[in-house]
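In UniProt numbering, the protein residues as written are 1 to 309.
Beta carbons: idealized from backbone N, C-alpha and C, even for Gly.
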Amino acid sequence: MLRVTLEQWRMFIAVVEYGGFNPAAIEVHKSQSSIFNAVKKIEQSLSLKLFKLEGRKTVPTTSGTRVYEQACSLLETAKKIEVSERSNIYKDKVLRVAVDEMLPRALLNKALNKTSALLPDLRIELINSSSEISTSLVEHKDVDVAISSHYSSNIYCQELCKMELILAVNTTHPLNSLNRELKIEELNSHRQIVLQQCRKLQHRNLYCPNDSKYWTANNLRLCIDMVIEGMGYAWLPLATITKELNTGTLTSLDLFDKQARMVSLYLLHGNYQNLEPEAQAFLKEVQKQFSSGAVKVSSELTSSGFLQT
Numbered sequence: 001m002l003r004v005t006l007e008q009w010r011m012f013i014a015v016v017e018y019g020g021f022n023p024a025a026i027e028v029h030k031s032q033s034s035i036f037n038a039v040k041k042i043e044q045s046l047s048l049k050l051f052k053l054e055g056r057k058t059v060p061t062t063s064g065t066r067v068y069e070q071a072c073s074l075l076e077t078a079k080k081i082e083v084s085e086r087s088n089i090y091k092d093k094v095l096r097v098a099v100d101e102m103l104p105r106a107l108l109n110k111a112l113n114k115t116s117a118l119l120p121d122l123r124i125e126l127i128n129s130s131s132e133i134s135t136s137l138v139e140h141k142d143v144d145v146a147i148s149s150h151y152s153s154n155i156y157c158q159e160l161c162k163m164e165l166i167l168a169v170n171t172t173h174p175l176n177s178l179n180r181e182l183k184i185e186e187l188n189s190h191r192q193i194v195l196q197q198c199r200k201l202q203h204r205n206l207y208c209p210n211d212s213k214y215w216t217a218n219n220l221r222l223c224i225d226m227v228i229e230g231m232g233y234a235w236l237p238l239a240t241i242t243k244e245l246n247t248g249t250l251t252s253l254d255l256f257d258k259q260a261r262m263v264s265l266y267l268l269h270g271n272y273q274n275l276e277p278e279a280q281a282f283l284k285e286v287q288k289q290f291s292s293g294a295v296k297v298s299s300e301l302t303s304s305g306f307l308q309t
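In structure tokens:
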């Protein structure tokens, strides 16, 4: 039977690394007496003197340095065993996530990578889904988590971020040739390309085109491509078309009212306490990434500029 516990080895290592009993106690959140007793027990078990005083500093003896290296190896082995066993629990687990097209992929990928690093054997299934379908998938437990622009009162729903939409056109579009701020009424004589899942959102806004002047695209990439081809203008998420704006493939138009157009993205899931650990881990990571402020939110946001469901 082992005389020294892993926790006692951890306290011994802390004394070496932090140069004394008091700083070690602070780092490992133990009392100084607990640290001292742990080291004393190790010395008695090994019949070795592990530390000596040099001035006011506690430093390891030659034996202490040798034991320190072995103790570090021991704790590293123990850690690997714990990680390995924890990972085995998730070998047959699958995290299913439905994702709105407007979600910034860079932040989503960071959250997925963090979750994967924590649970390396976890399988992840991503579903590119429209907003209303995402809600249905969560309600019927076909996915664990969804990120959607559709708010639902039937399931757990919390705002993740607000996406700024900008009025975008091809640089050769007639609206761009006006070289001035536009009145909203001027848009009515031009075709609008509307993302199908955002049609309801845009028609609830105060400023909507004539019904005969819009075309519908069933996915965001198609909508962007149609605008690039000069087929009309569209309200597009700024975070998604940064590359096209930087290269001059698309340009943004300024409106006279200067109101920001925003759409909220929501996290949808079942009761948090009933979620599997992998779903809880992903929720924490995705919230952490989006709380970092990496999503552009206009400072000019006003209530009449919301695009909400």
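Assuming R191 contacts Y214 (C-beta within less than 8 Å), just tell me the rounded distance between them.
-> 7 Å
Whose C-beta lies closer than 7 Å to the C-beta of Q158 among residues of the same chain, with five residues either side of it excluded?
-> Y266, L267
Inter-stretch contact (C-beta, 8 Å, three-pair minimum) for the region 4 to 14 and the region 67 to 84 | yes
Nearest-angstrom Cβ-Cβ length linking R123 and K162, presumed shorter than 8 Å | Their Cβ separation, rounded to whole angstroms, is 31 Å, which puts R123 and K162 out of contact at 8 Å.
Terminal residues of the beta strand (DSSP E) in which M262 lies = 261 to 269
Name the two residues that bound the continuous alpha helix (DSSP H) containing V227.
-> 220 to 228
Using beta-carbon positions only, say whether L165 and V263 come within less than 8 Å of one another.
-> yes
Please determine, among V97, V169, E101, the residue with the shortest C-alpha to C-alpha distance to A111.
-> V97
Are the Cβ atoms of L253 and V169 separated by less than 8 Å?
-> yes
What did DSSP end up calling W16 once you bin it into helix, strand or coil?
-> What sits at residue 16 in the sequence shown is Val, not Trp. In this structure, V16 counts as helix in the three-state DSSP scheme.
Taking the alpha-carbon positions, what's the L108 to K141 distance?
-> 21 Å
Around the Cβ of Y272, are there at least 16 other Cβ atoms within 10 angstroms (buried) or fewer (exposed)?
-> exposed
Curious, which full-length alpha helix (DSSP H) runs of at least 4 residues does the region 44 to 117 contain?
-> 62 to 89
Applying the criterion that 16 or more other CB atoms from any shown protein chain within 10 Å of the CB defines a buried residue, is G230 buried or exposed?
-> exposed
C-beta atoms of E278 and K114 nearer than 8 Å = no
Cβ of H269 within 8 Å of Cβ of V138?
-> yes
Roughly how many whole angstroms lie between the Cα atoms of V143 and L95?
-> 8 Å
Same chain, Cβ closer than 7 Å to H173, five either side skipped, listed in chain order = G230, Y233
According to DSSP, residues forming a beta bridge with N128 | V99
Alpha-carbon to alpha-carbon, L160 and S291 = 8 Å
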